[in-house]
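Here the protein sequences line up with chains X and U, keeping their order. Just so we're aligned, residue 1 is where the first sequence starts under my numbering, counting upward by one. Just so we're aligned, residue 303 is where the second sequence starts under my numbering, counting upward by one. Heads up, the beta-carbon is just placed ideally off N, CA and C, and yes, glycines get one too. Right, one structure below, let's go through it.
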Amino acid sequence: MTRHEFGRGVLCALALSALIGCGTVTKIGTQIGQGSGVITEQQATSINKTGAALEKTFADITPEQEYYIGRAVAATILETYPPLDDPAANDYLNELGQTLAMASDRPETFGGYHFLLLDSDQINAFAAPGGLILVCKGLVSCCRNEDELAAVLAHEIGHVQDKDGLKAIKKSRLTSALTTIGVEAGRNLGSAKVKDLTEQFAGGIQDIIHTLVTSGYARGQEYQADAVSVEILGRVGYHTGAMVSMLEEMNRRWDPHGPGFARTHPSPRDRIEHVAPVAGPAADRQSRPATRDRFAAAMSGI
Amino acid sequence: MARIRICVVAAVLLAATVALAVAGVMSIQVRTGKLRTRPSFLGQVTASVGYGDRVTVLDEKSGWIQVRTGNGQTGWIHNSALTEKKVVLNAGQGDVATGASGSELALAGKGFNDEVEAEFRSENPDLDYTWVDRMETFRLTPEQARRFLATGKIASPGGE
């Protein structure tokens, strides 16, 4: 085999590996190419960069980066929805919510799960990536006991577990940002690169906010979050049927043209239809006296 | 051609070595983690681990991994706190400089980080992080969770 023929072979292999998106093959190919002197180091870097760029998805966002994305998403939501400064209610929300999160398939995030009430009558809640969960008091008021509130919080934990927020970031933006990060990783970012990354960051936050506030997730993602919720309720020991009874109450208050969940979620009726086979029948509202007092005390200010 | 063959063999060996190393050693990918005596949040804490710490995998049980730290401490930690990637805390040195790929490495503090957050906030001066910081202080210990469940008489089918 002449050097020319071999060179063609290496390039074919590289093209193939780039097509199938296999980074390791690309890397070995470029190492071989460099070793034989067919391609220069610079060309190899460039090819590796292209191969790597093909592979970027939400799964390439590290938990640490997810944490900073989540903080920005939460701060942006709080611009429109003011927090409810009710320490007793927020403490209770965190006792319940963090207990539920421990039973999820993703109990550990970079910064942990934290819950906050929003002073809004909308039937609405927002799960920022990484576990910052914001719940409107309007949604809490659809819950008549602790089991039903647990169903609401566990649904939001489901969105964090499934990284639905991160999936809302446009793929082209993600690829471009993560490629910049990868290429520049060997040294500290210059201020121009920080600006560039911040622009991608801000765009990503907008993508997520648009999905959370305006367009909503795909229906399948909502049904899946309901299924995760039922799973968590069962693991902890709450009534899985509380998901159905909560949705029934939500349905009574449902305004299909209203703000919040009406815009971003399937109707409660559709959700009940999907979740009932795993959740079982609606839970009895009066079935757990030991939680009644603390639920009532925490909700007294709402 | 001999040179090419050596390169190919070296590359294959390198890939095999990396694969072996990944199977037995993992990194902590959360800010702080705790090792526990048993595979449950209700187990006693045996040691604390930090972001990027490397641990050796000893056993696995329903989503929990038993590990040993560099100091020889052992305990269980949930798999969501671990990554097979090597977390590099000081990018620019060692593996990063030699060009190990992103699928093997997670670069701590790189990309969307505190620096990008600071820039984002300076470009959006109306954005208020006060409550974001405050909500991150709302923390529940596993002992508080256990008490919360006990006083509410919440009993899981598994008894925990």
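Under the DSSP assignment, F115(X) falls in the beta strand (DSSP E) whose first and last residues are 114-118.
The criterion of a C-beta distance shorter than 8 Å is satisfied by L197(X) and T180(X). Taking C-beta atoms under 8 Å as the contact rule, G112(X) and N124(X) fail to qualify, at a distance of about 23 Å. P82(X) is the residue among A276(X), A177(X), P82(X), L174(X) whose C-alpha sits nearest the C-alpha of V135(X). Within the model, the alpha-carbon separation for T432(U) versus R441(U) is close to 17 Å.
At a cut-off of 8 Å between beta-carbon atoms, H210(X) makes no contact with chain U. Under DSSP, the beta-bridge partners assigned to V347(U) are R338(U). In terms of Cβ geometry, L118(X) and L84(X) form a close pair [threshold 8 Å]. Per DSSP, the beta-bridge partners of C136(X) are L118(X). Secondary structure note for I367(U): its beta strand (DSSP E) is the uninterrupted segment 366-370. Interface flag for S382(U) against chain X is set, since a Cβ pair is found closer than 8 Å. Secondary structure at W433(U): helix, using DSSP grouped into helix, strand and coil.
Residue pairing by DSSP places H380(U) opposite W366(U) in a beta bridge. At a cut-off of 8 Å between beta-carbon atoms, V434(U) makes contact with chain X. Neighbours of Q122(X) in chain U, taken as residues whose beta carbon is under 7 Å from its own, are absent, since the nearest beta carbon is some 18 Å off. R106(X) reaches chain U at S382, counting residues in chain order whose Cβ is nearer than 7 Å.
If you keep only unbroken alpha helix (DSSP H) runs of at least 4 residues inside the segment 209-252 of chain X, you get 219-236. Residues of the same chain with a CB within less than 8 Å of the CB of P63(X), apart from the 5 flanking positions on each side, are T109, F110, G130 in chain order. Residue-level contact by beta carbon fails for N145(X) and chain U, as no gap is shorter than 8 Å. If you compare the alpha carbons of M328(U), R449(U), T376(U), T358(U) with that of L337(U), the shortest gap goes to T376(U).
Proximity of chain X to D355(U) at the Cβ level (cut-off 7 Å) is not reached, the minimal Cβ distance being about 14 Å. Rounded to whole angstroms, the Cβ separation of V278(X) and V244(X) is 10 Å, and the two are not in contact under 8 Å. Look at E362(U): its C-beta is not under 8 Å from any C-beta on chain X.
Interface with chain X (8 Å Cβ-Cβ cutoff): V418(U) is included. Classified as buried, P107(X) has 16 or more neighbouring CB atoms from the shown chains inside 10 Å of its CB.
For a cut-off of 8 Å, the C-beta gap from V434(U) to A101(X) is around 18 Å, too long to register as a contact.
Residue-level contact by beta carbon holds for N415(U) and chain X, with a gap shorter than 8 Å. Looking at the backbone, the Cα of A298(X) and that of T291(X) are separated by about 11 Å. Interface residue (Cβ-Cβ distance to chain X less than 8 Å): V327(U) is not classified as such.
The alpha-carbon of E148(X) is positioned some 29 Å away from that of I69(X).
With its beta carbon less than 8 Å from one in chain X, V332(U) belongs to the interface.
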